[in-house]
Amino acid sequence: MTSRITVNRTLIALAGIALLGTGLWLLGATRAVADHLPAWWPAPPADAVLLDREGPASLRGTGWWAPAVMAAGTVLTLLCLAWAVSRTPVRGPRPTGPLSTARAELGLTALEDAVCEDARRIEGVARARCRIALRRTSAHLALRVWTLPGYAAKDVLDGLDAVSTTVEHALRPRELNTRTRVSAQRHAAPHVR
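Residue numbering for the sequence shown follows the working numbering, starting at 7 and increasing by one per position.
So, in C-alpha cells, the structure goes:
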C-alpha cells in the first residue's frame with residue numbers, strides 16, 4: 007500500500023472517530039451544552055438530555071421531514087456512487103489470447119508491402135522489393151531497390167534510411183538489422199530489326 011493511501015485512510019479513520027465521539031458526547035450532554043445552543047434550538051428540560059425521544063418524534067410529525075430525509079439520502083447515495091465510479095480505473099478490452107501464426111504472417115506481409123510502397127515513393131526509385139525475417143529478439147530487413155536511369159545510389163540512400171527507421175519503430179522492441187542493396191535499372195536498348 008502506498009503512503010498516500012495510508013495517509014488518506016488514517017485521516018478518514020480519525021475524522022470518523024472524532025465525529026462518533028462528538029455525537030456520543032452530545033447525546034449524553036446536559037445543561038453545559040444547552041447554554042451554548044443556537045436560539046432556534048428548543049431548550050431541553052433541566053433534568054433531560056439534549057436529544058430526547060420527543061424531539062425526533064415531533065420532527066417526524068411535520069410535513070417536510072420525510073421528503074427532506076429522502077432527498078438527503080438520495081444525494082448522499084449519488085455522491086458516494088460518483089466517488090466510487092471515479093476511483094474505478096478504466097481499462098480497454100484486452101486480447102483473449104495470443105495471435106495465431108497466420109495472423110502474424112499476414113501482419114508481416116502487410117508491413118513488407120508498406121515498406122515496398124514507401125521505397126517506391128522515393129524520388130529516383132524505379133522498383134523495390136523487401137523481405138522481413140523475425141527472430142526472438144531481433145528482425146532482419148532485406149531491401150532491394152532499383153534506381154531510375156540518371157540516379158545514383160547516394161541519391162536514394164537518405165530516403166531509404168527514413169524507411170528503415172519507420173520499420174524499426176514498427177517492430178519495437180526487436181532490434182532491426184537492415185541490409186540495403188541498390189542497383190541501377192538497365193537502359194532499355196532499342197531493338198532494331
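Glycine included, every Cβ here is placed at the ideal spot set by N, Cα and C.
Margin query: Residues in the same chain with beta-carbon distance under 6 angstroms from Ala159, minus the five sequence neighbours each way, listed in chain order, please.
Written below: In the sequence shown, counting from the first residue as 1, residue 159 sits at position 153. Excluding positions up to five away in sequence, the list reads Val188.
Next item on the list: Determine the extent of the beta strand (DSSP E) in which Ala158 is found, giving its start and end residues.
Entry: By 1-based counting over the sequence shown, the position of residue 158 is 152. Element bounds for Ala158: n/a, residue is neither H nor E.
Check: Secondary structure at Ile11, three-state DSSP: helix, strand or coil?
Finding: Residue 11 sits at position 5 when you count from the first residue of the sequence shown. It is helical.
Notebook entry, point to check: If you draw a straight line from the alpha carbon of Arg135 to that of Thr143, how long is it in whole angstroms?
Noted result: Numbered from its first residue, the sequence shown carries residue 135 at position 129. Numbered from its first residue, the sequence shown carries residue 143 at position 137. The straight-line gap from Cα to Cα measures roughly 24 angstroms.
Note to self: Here's a check: name, in chain order, each residue in its chain whose Cβ is nearer than 6 angstroms to the Cβ of Ala133, leaving out the five neighbours to either side.
What the structure shows: For the purposes of this step, residue 133 is taken as residue 127 along the sequence shown, with counting starting at 1. Contrary to the premise, residue 133 reads as Arg rather than Ala in this sequence. For Arg133, where only same-chain residues beyond five positions count, the Cβ hits under 6 angstroms are Trp152.
Next item on the list: Below 8 angstroms on the Cβ atoms is my guess for Glu174 versus Leu182; work out the distance and round it to an integer in Å.
Entry: One-based indexing of the sequence shown puts residue 174 at position 168. One-based indexing of the sequence shown puts residue 182 at position 176. The Cβ separation is near 4 angstroms, so the contact holds.
Notebook entry, point to check: Leu65 to Met76, Cα distance in whole Å?
Noted result: Mapped onto the sequence shown, residue 65 falls at position 59. Mapped onto the sequence shown, residue 76 falls at position 70. Looking at the two C-alpha atoms, the distance is approximately 14 angstroms.
Notebook entry, point to check: What three-state label does DSSP hand Gly138 in the structure shown?
Noted result: Here residue 138 is taken as the residue at index 132 of the sequence shown, counted from 1. In the sequence on display, residue 138 carries Ile and not Gly. Strand.
Check: Are Ala125 and Leu147 closer than 8 angstroms when you measure CB to CB?
Finding: Here the question's residue 125 lines up with position 119 in the sequence shown. Here the question's residue 147 lines up with position 141 in the sequence shown. Taking 8 angstroms as the Cβ cut-off, Ala125 and Leu147 do not qualify as a contacting pair.
Notebook entry, point to check: If we cut at 8 angstroms on Cβ distances, does Leu182 have a partner in chain B?
Noted result: No chain B appears in this structure, which consists of one protein chain only.
Next item on the list: Give the DSSP-derived three-state secondary structure of His175 in the structure shown.
Entry: Counted from its first residue, the sequence shown places residue 175 at position 169. If DSSP states are grouped into helix, strand and coil, His175 belongs with the helices.
Next item on the list: Give every residue of the same chain whose Cβ lies closer than 7 angstroms to the Cβ of Ala45, excluding the five residues on either side of it in the sequence, and list them in chain order.
Entry: To locate residue 45, count along the sequence shown from 1; it is residue 39. There are no such residues.
Next item on the list: Under 8 angstroms by Cβ, that's how I've got Ile162 and Ile128 pegged, so tell me the actual separation to the nearest angstrom.
Entry: Position 156 of the sequence shown, counting from 1, holds the residue named residue 162. Position 122 of the sequence shown, counting from 1, holds the residue named residue 128. In the sequence on display, residue 162 carries Val and not Ile. Confirmed, Cβ separation roughly 5 angstroms.
Next item on the list: Spell out the partners DSSP gives Val151 in its beta bridges.
Entry: Sequence index remark: in the sequence shown, residue 151 carries index 145 (1-based). Val151 is bridged to Ala134, Val188.
Item checked: Paired residues, beta bridge with His146 - DSSP -> For the purposes of this step, residue 146 is taken as the residue at position 140 of the sequence shown. Paired residue(s): Ala139, Asn183.
Item checked: Gly29 (DSSP reduced to helix, strand or coil) -> Translated into positions along the sequence shown, residue 29 becomes position 23. If DSSP states are grouped into helix, strand and coil, Gly29 belongs with the helices.
Notebook entry, point to check: Is it buried or exposed for Ile18, if we count other Cβ within 10 angstroms and need 16 for buried?
Noted result: Numbered from its first residue, the sequence shown carries residue 18 at position 12. By the neighbour-count rule (16 or more Cβ atoms within 10 Å), Ile18 is not buried but exposed.
Next item on the list: Taking 8 angstroms as the cut-off, decide whether the C-beta atoms of Ala139 and Leu177 are in contact.
Entry: Working through the sequence shown from its first residue, we reach residue 139 at position 133. Working through the sequence shown from its first residue, we reach residue 177 at position 171. Cβ atoms of Ala139 and Leu177: not closer than 8 angstroms.
Note to self: Let me confirm a value: Val81 is counted as buried when at least 16 other C-beta atoms fall within 10 Å, else exposed. Which label applies?
What the structure shows: For this step, residue 81 is matched to residue 75 along the sequence shown. Burial call: exposed.
Next item on the list: Let me know the secondary structure DSSP gives Ile128 once reduced to three states.
Entry: Sequence index remark: in the sequence shown, residue 128 carries index 122 (1-based). Reduced to three states, the DSSP call for Ile128 is coil.
Check: Going by C-alpha distance, which of Ala190, Arg192, Thr171, Gln191 is nearest Thr184?
Finding: Taking the first residue of the sequence shown as 1, we reach residue 184 at position 178. The shortest Cα separation from Thr184 among Ala190, Arg192, Thr171, Gln191 belongs to Thr171.
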